[in-house]
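Below is one structure, written out as structure tokens; comments come after it.
Right, dumping it as structure tokens:
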């Protein structure tokens, strides 16, 4: 394994996601990956920063939705315009991965690292080291090399990868993909020392992925291959892409390819990884006062403990008197107040 | 009693108050009386509307602080500029009343009605009727005629007026002023049928008040009398007024004059009166949803009952999940969250 493993690598960041768990901070036009949840860079900007630590900006691509395209471009002036690819509609990760692979191949790229846009990852050095190991592990093989995160608790919100053992840095075969487990199963997984969280990030040679698509999702390959082949100067025709996407089935790359592919390997990630799935889980990444209140913005408090306060405008001020363990969020003209242990119920506000 | 009782009446609205009970809606530059707590007019604007229902706008004056002068003028374009008088510093209600009386006398006014700026009062017809009765009751006498509010509960936040009986519309002698009582005393007052809430509003002939000041607070009369006498076209010199106020003791008109005056009478107010002393007490004046949430602005809620939501910008949106009996206030860059029964503790946020 050498740094030359990165020489012909492109990084593609998947940034088309939506979701309501960060409402009211997130909206359809500003989903989680575009939010500056901590510090002064959005999760997407942080993901691009990490990718650029691996490869030059010209080899960093972002796949997003048409709706988000302009906002993504505005956040990423360091990327060439043609590196931001807009999906005409969401057809899950198989379509996005196939499109990215074809686009990178068309530009002469030989290896590809698929990255997520909405996780907190650090430090950058350990991230670069893991990408380097994975890129080396797929070199001249048909391996798809995933990043597995060593679980810190029996999470029920992630899929898991089963491997022989989780220690050591080298790539090892993935024996099985498993969907989000129940708590008992997750606990058994963690106790076994053989399961890693599926980070949703993976590295492969473009030829390997195209061959796997040919075997397991041939319509993805032919439908999108035609469109990419007709691109002029790397710019894909909007109408042709829309027609192609309309014809594709909705399926994830895990289900459509990875679970069936004969050579999936895994590099245990040694970097810290957090999916920050909700405001309560954001608390540990925010500055905390002596009363345990995690705050972005300014907090005045009295008899108030372990609250999570998040203000889109860090100049905003929140006052809490006599309430603990609640989440208070301010964004635009919207304010949310919910107990930490009911934050998952925010989505019910939108079910009517 | 006839409507002619209003013919030579001026109305003076006391609008110099400050306070933190409506923080974060209220600030030093925008105290309670300038807030649009309900509907689309501030409490001060509503007070001026009621005064103009009694007398022409030329005979409606506002006494406020220098700090608030411009904001008051901006809210009240219907009043002549010289009708907004700015106190150089707060010296309680005796100074404000003396200044107002002298100013009205200098303009040829013969009777004066002192009104509060930060209470909710209605309907206007009953208010005008009460002012008319009080103005008639002081006609050609040295009576100071207060408005007593029939108590609806044993409030401990107001002073009380003792009278012989509280039924009937006609003016009757006030036997005694009492300060804010404890709950047991307040309960006894209400049960006795002889006590009314002191509304802080009263009517008198200017000659009567000047004579009473001469007897009980002579320094107020001479100090302010000199300044007003030197006014040019009704405009009082700022520096002279500042010097005069600096010399005055801080005392309320109740303590300084009313409690000592031999002829204080009371008209029971038949209008609805609320001091809306805090956000919880505002709830009954706001639109309420089926779950008992009182809202200015828009509320999305789930398992949320009897909350009070107040947004300075009525276009703002608040979401509450799984919390009841809390107050949520949004104003400018500030947000407050506090249980209804702890709203009084807001002021403790400012004691450090």
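Residue numbers (this note's numbering), protein chains in the order written: chain P, 366 to 717; chain A, 366 to 717.
Ideal placement from N, C-alpha and C gives every residue a C-beta, glycine not left out.
Computed from a predicted structure; not experimentally measured.
Between residue i and chain A, is any beta-carbon pair separated by less than 7 Å?
{"i": "residue 682/P", "result": "yes"}
{"i": "residue 686/P", "result": "yes"}
{"i": "residue 710/P", "result": "yes"}
{"i": "residue 702/P", "result": "yes"}
{"i": "residue 470/P", "result": "no"}
{"i": "residue 695/P", "result": "yes"}
{"i": "residue 386/P", "result": "no"}
{"i": "residue 714/P", "result": "yes"}
{"i": "residue 376/P", "result": "no"}
Comparing C-alpha positions only, which one of the options sits nearest to residue i?
{"i": "residue 424/A", "options": "413/A, 432/A and 430/A", "result": "413/A"}
{"i": "residue 681/A", "options": "664/P, 700/P and 687/P", "result": "700/P"}
{"i": "residue 509/P", "options": "626/P, 418/P, 711/P and 379/P", "result": "626/P"}
{"i": "residue 608/A", "options": "589/A, 623/A and 619/A", "result": "589/A"}
{"i": "residue 444/P", "options": "686/P, 422/P, 398/P and 557/P", "result": "422/P"}
{"i": "residue 533/P", "options": "514/P, 441/P and 572/P", "result": "514/P"}
{"i": "residue 602/A", "options": "464/A, 500/A and 698/A", "result": "464/A"}
{"i": "residue 686/P", "options": "635/A, 669/A, 389/A and 595/A", "result": "389/A"}
{"i": "residue 481/P", "options": "674/P, 678/P, 399/P and 391/P", "result": "399/P"}
{"i": "residue 469/A", "options": "378/A, 498/A and 501/A", "result": "378/A"}
{"i": "residue 709/P", "options": "505/P, 641/P and 649/P", "result": "641/P"}
{"i": "residue 652/A", "options": "460/A, 606/A, 376/A and 673/A", "result": "673/A"}
{"i": "residue 506/A", "options": "614/A, 628/A and 432/A", "result": "628/A"}
{"i": "residue 559/P", "options": "565/P, 566/P, 550/P and 567/P", "result": "550/P"}
{"i": "residue 695/A", "options": "704/A, 705/A, 683/A and 689/A", "result": "683/A"}
{"i": "residue 485/A", "options": "649/A, 666/A and 712/A", "result": "649/A"}
{"i": "residue 490/A", "options": "503/A, 635/A, 622/A and 531/A", "result": "635/A"}
Buried or exposed: which applies to residue i, given that a residue is buried once 16 or more other Cβ atoms fall within 10 Å of its Cβ?
{"i": "residue 473/A", "result": "exposed"}
{"i": "residue 645/A", "result": "buried"}
{"i": "residue 540/A", "result": "exposed"}
{"i": "residue 451/A", "result": "buried"}
{"i": "residue 517/P", "result": "exposed"}
{"i": "residue 693/A", "result": "buried"}
{"i": "residue 715/A", "result": "exposed"}
{"i": "residue 430/A", "result": "buried"}
{"i": "residue 597/A", "result": "exposed"}
{"i": "residue 662/A", "result": "buried"}
{"i": "residue 372/A", "result": "exposed"}
{"i": "residue 669/A", "result": "buried"}
{"i": "residue 381/P", "result": "buried"}
{"i": "residue 458/A", "result": "buried"}
{"i": "residue 522/P", "result": "exposed"}
{"i": "residue 659/P", "result": "buried"}
{"i": "residue 394/P", "result": "exposed"}
{"i": "residue 405/P", "result": "exposed"}
{"i": "residue 630/P", "result": "buried"}
Please confirm whether residue i has its beta-carbon closer than 7 Å to some beta-carbon of chain P.
{"i": "residue 488/A", "result": "no"}
{"i": "residue 667/A", "result": "yes"}
{"i": "residue 647/A", "result": "no"}
{"i": "residue 699/A", "result": "yes"}
{"i": "residue 707/A", "result": "yes"}
{"i": "residue 366/A", "result": "Low confidence applies here, because residue 366/A scores a pLDDT of 46, under 50, leaving its location unreliable and the question unanswered by this model."}
What are the partner residues of residue i, as DSSP defines its beta bridges?
{"i": "residue 379/A", "result": "428/A and 481/A"}
{"i": "residue 675/A", "result": "661/A and 694/A"}
{"i": "residue 685/A", "result": "702/P and 666/A"}
{"i": "residue 541/P", "result": "527/P"}
{"i": "residue 633/P", "result": "513/P"}
{"i": "residue 392/A", "result": "395/A"}
{"i": "residue 600/P", "result": "597/P"}
{"i": "residue 719/P", "result": "Residue coverage of chain P in this structure runs from 366 to 717, which leaves residue 719/P outside it and unanswerable."}
{"i": "residue 371/P", "result": "Per DSSP, none; premise fails for residue 371/P."}
{"i": "residue 639/P", "result": "485/P"}
Which chain D residues sit within Cβ distance under 8 Å of residue i?
{"i": "residue 678/A", "result": "Among the chains of the structure shown, chain D does not appear; the protein chains present are P and A."}
Ignoring anything shorter than 3 residues or poking outside the region 552 to 588 of chain A, list the beta strand (DSSP E) runs there in chain order. 560 to 570
Let me know the alpha helix (DSSP H) ranges lying completely inside the region 473 to 537 of chain P, each 4 residues or longer, listed in chain order. 489 to 502
Could I get the ranges of all uninterrupted beta strand (DSSP E) runs contained in the region 411 to 464 of chain A, with 3 residues as the minimum, in chain order? 425 to 430 and 449 to 452
So within the region 600 to 627 of chain P, which uninterrupted beta strand (DSSP E) runs reach at least 3 residues, ignoring any that extend past its ends? none
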